[in-house]
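Take the sequence shown: its position 59, counted from the start at 1, is 208 in the working numbering, and no numbers get skipped. Ideal Cβ positions, reconstructed from N, Cα and C, are used throughout, including at glycine. Computed from a predicted structure; not experimentally measured.
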Amino acid sequence: MRKIEIKEIGIKSAFKSTLYITIVPLGIMAAIGLLMTFIGVAIGQGQLLILGIPYIFMSFVMMGLYGLFSMLTALVYNKFSTKFGGLELVIKEQNELNHDIGKENRINGQLHNYARE
C-alpha cells in the first residue's frame, strides 16, 4: 500500500470538472424550461412562459456559479494544504490484490495454492 498526499488542485481543472459533473442536471433543467416555454406558447398560457424562460437562463447562470465556487474551493484548499497538509489517499496496487502468496483459492472448482506455483 502506498500513501499519496494531494498538495494542490488546479484551479482551471476544478472548474472544468465541475462543468462536467453539472452539465447533466442543468441540461435537464434547461430542457424542462424549454418544454414549459413551448407548452405555454402552444396553449396560450402566459404563466408557463414566465416560468419557463428563467429555467433556461438559470441553468447557465448556475453552471457559472458552480464553476466559480469550485475554483474558490480549490484556491482555499491550495492555501491550507501547504500549511496543514493535504488530503491523504491510501492506494493498494492491483498486484497486491490479485496475488496473495500463500493463500489457497478456488478457481473453476479446483483448489490452487499460489505458493506452489
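Exposed unless 16 or more other CB atoms sit within 10 angstroms - verdict on residue i
i, result
"A163", "buried"
"A191", "exposed"
"G193", "exposed"
"A180", "exposed"
"M115", "Coverage of the chain is limited to positions 150 through 266, which leaves residue 115 absent and any answer about it impossible."
"M150", "exposed"
Nearest-angstrom beta carbon gap, residue j and residue i [assumed within contact, 8 Å]
i, j, result
"L168", "M207", "16 Å between Cβ atoms; not a contact."
"L197", "I205", "Rounded, the Cβ-Cβ distance is 13 Å, inconsistent with contact."
"G182", "I153", "Contact flag wrong, Cβ pair sits at about 42 Å."
"T171", "Y226", "About 19 Å separates the two Cβ atoms, so there is no contact after all."
Which of helix, strand or coil DSSP assigns to residue i
i, result
"I158", "coil"
"G216", "helix"
"Q196", "helix"
"G176", "helix"
"G234", "coil"
Residues that residue i bridges to, as DSSP identifies them
i, result
"I240", "R151"
Contact with chain C by residue i, beta-carbon distance below 8 Å
i, result
"M211", "The structure shown contains no chain C; it is built from a single protein chain."
With a threshold of 8 Å, are at least 3 pairs of Cβ atoms found where one atom belongs to the region 153–161 and the other to the region 229–240?
yes
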